[in-house]
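Numbering (our numbering), first residue to last: 853 to 1270.
Ideal Cβ placement from N, Cα and C applies to all residues, glycine included.
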């Protein structure tokens, strides 16, 4: 049915549920904006179709924290593991040796799990390359000059036994932060996306799903102008943090390129939605936002959602958002309950006996919606507003360097920390 009619039907249905169930998500009573009482599930509550997870860290640390977060949520089922490939060098975008091993092992351990991997489209992805340089790179990509790098990544993922990886390719392309941004040349960006998807789908054994994920709002360019086409997109995602554009959650929904547009656009194209990144930000500890966002997720049932869990966005690894943390824990305990199980009583938020989460890990780059993704080795960290100093991070790659450093350095492992 047309988008406007769907919206009317959805609103009428939501109103009816509110009258029957007392408001809020069906089966949950209405509460004051800063209260978590409304997050308590009713007896008729069923498990969500959405696969839930969180971004917790790049590599093995992120994998190990999945179990700890699940225990903190009362044993809630976390089916999505999420990480990012470094965007500094092509060898890392190709899935450098050992970088993905821990995540692949985690995914293989349970057939119901989902592995979500953010993949940069260009190296030097956070070097603030000017538009003219970006335009040149995009046109080179559209001409096929970088196909081999994505073929190697696809071969590596298939070889690791994760051929069904969800690839969040060129995320937040409507902004100004990344070299893989769309704005300088949307036509070349779309052609380049198509080249990448075609190259990766050509690898035998692959079952990849490609997620087109802008940031909420117009930003540098309307994200709809970057959409590369239904034949090369499987999921339409959105990264959405509690910050402008939109002073309130209703504003974030109604913005011309906001949450409602995301839902409507995906429906028009017959695609499921996702939320690879979301969380708190400039409005601080905002339990009303947390509740409304979780209600939005529950209502629209994205294929998956992974909250960004580090300061200032997070609720488990960040102690600076206690009220939002309580809302998240209460609601997610019900939403991510294991399939077939009845939700238990609302948990009381008390000190947890499980291992304490690490200290806040702010973004290494001052972006509008930052994430602690791998950045250039040795680059100085620029903490997000209000965050503390980041803990050291690092990774190692095996670089076949004989061509440029001599045969005595062939296959030498090089480690970076920042």
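Can you tell which of the options has the C-alpha that lies nearest to the C-alpha of residue i?
{"i": "residue 1167", "options": "1142, 1151 and 1189", "result": "1142"}
{"i": "residue 978", "options": "1021, 941 and 947", "result": "941"}
{"i": "residue 1054", "options": "1083, 1074, 991 and 1006", "result": "1006"}
{"i": "residue 1020", "options": "1179, 1180, 1158 and 921", "result": "1158"}
{"i": "residue 1063", "options": "1095, 1051, 1079 and 943", "result": "1079"}
{"i": "residue 1052", "options": "971, 1038 and 916", "result": "971"}
{"i": "residue 1028", "options": "1045, 952, 987 and 998", "result": "987"}
{"i": "residue 1181", "options": "1146, 1127, 985 and 1162", "result": "1146"}
{"i": "residue 934", "options": "1127, 1153 and 1144", "result": "1127"}
{"i": "residue 1163", "options": "966, 1176, 1154 and 1156", "result": "1176"}
{"i": "residue 1097", "options": "998, 1135 and 910", "result": "1135"}
{"i": "residue 1272", "options": "1144, 966, 919 and 1152", "result": "It is not possible to answer for residue 1272, since the shown part of the chain is limited to 853 through 1270."}
{"i": "residue 1138", "options": "1095, 1106 and 1111", "result": "1095"}
{"i": "residue 910", "options": "927, 968 and 1086", "result": "968"}
{"i": "residue 1156", "options": "985, 1004 and 965", "result": "965"}
{"i": "residue 1085", "options": "1050, 1104 and 951", "result": "1050"}
{"i": "residue 1114", "options": "1083, 914 and 1152", "result": "1152"}
{"i": "residue 951", "options": "1008, 927, 998 and 985", "result": "1008"}
{"i": "residue 1102", "options": "1140, 1129 and 1083", "result": "1140"}
{"i": "residue 1189", "options": "936, 1083 and 927", "result": "927"}
Suppose contacts are defined by Cβ-Cβ distances below 8 Å. Is residue i in contact with residue j by that definition?
{"i": "residue 1061", "j": "residue 1018", "result": "yes"}
{"i": "residue 1185", "j": "residue 925", "result": "yes"}
{"i": "residue 1024", "j": "residue 1092", "result": "no"}
{"i": "residue 1109", "j": "residue 1148", "result": "no"}
{"i": "residue 905", "j": "residue 923", "result": "no"}
{"i": "residue 1187", "j": "residue 1150", "result": "yes"}
{"i": "residue 1165", "j": "residue 1133", "result": "yes"}
{"i": "residue 1072", "j": "residue 1033", "result": "yes"}
{"i": "residue 1171", "j": "residue 1131", "result": "no"}
{"i": "residue 912", "j": "residue 954", "result": "yes"}
Quick check on the burial criterion: 16 or more other C-beta atoms within 10 angstroms. Buried or exposed for residue i?
{"i": "residue 903", "result": "buried"}
{"i": "residue 929", "result": "buried"}
{"i": "residue 1121", "result": "exposed"}
{"i": "residue 1057", "result": "exposed"}
{"i": "residue 1174", "result": "exposed"}
{"i": "residue 1178", "result": "buried"}
{"i": "residue 1081", "result": "exposed"}
{"i": "residue 947", "result": "buried"}
{"i": "residue 1000", "result": "exposed"}
{"i": "residue 963", "result": "exposed"}
{"i": "residue 919", "result": "exposed"}
{"i": "residue 1106", "result": "exposed"}
Looking only at its chain, what residues have a beta carbon closer than 7 Å to the beta carbon of residue i, apart from the 5 residues adjacent to it on each side?
{"i": "residue 1048", "result": "973, 1002 and 1021"}
{"i": "residue 996", "result": "1047"}
{"i": "residue 956", "result": "1012, 1013 and 1014"}
{"i": "residue 1044", "result": "973, 990, 993 and 994"}
{"i": "residue 1041", "result": "990, 1025, 1034 and 1078"}
{"i": "residue 921", "result": "906, 908, 930 and 1168"}
{"i": "residue 1004", "result": "946"}
Apart from the five residues just before and just after residue i, which ones in its own chain have a Cβ nearer than 6 Å to its Cβ?
{"i": "residue 1070", "result": "1109"}
{"i": "residue 1059", "result": "1015 and 1016"}
{"i": "residue 1088", "result": "1064, 1118, 1123 and 1125"}
{"i": "residue 1077", "result": "1038"}
{"i": "residue 1154", "result": "902, 1125, 1126 and 1127"}
{"i": "residue 1104", "result": "1098, 1110 and 1111"}
{"i": "residue 959", "result": "965, 967 and 1014"}
{"i": "residue 917", "result": "908"}
{"i": "residue 998", "result": "none"}
Starting from the C-beta of residue i, find all residues in its chain whose C-beta is less than 8 Å away, skip the five residues before and the five after it, and write them out in chain order.
{"i": "residue 983", "result": "1035 and 1036"}
{"i": "residue 976", "result": "939, 940, 1031 and 1228"}
{"i": "residue 989", "result": "974, 981 and 1031"}
What I want to know is whether the C-beta of residue i ends up closer than 7 Å to one or more non-hydrogen atoms of the ligand ATP.
{"i": "residue 1182", "result": "As far as ligands go, the structure on display features none, and thus does not contain the ligand ATP."}
Give the list of continuous alpha helix (DSSP H) stretches no shorter than 4 residues that lie fully inside the segment 984-1030. 999-1011
Next item on the list: At 3 residues or longer, and completely inside the segment 1105-1139: list those beta strand (DSSP E) runs for me, N to C.
Entry: 1125-1127
### Message
At 4 residues or longer, what runs of the alpha helix (DSSP H) sit wholly inside the segment 1039-1070?
### Response
none
Any chance you could list the beta strand (DSSP E) runs of at least 3 consecutive residues sitting entirely within the segment 909-980, in chain order?
932-936 and 966-971
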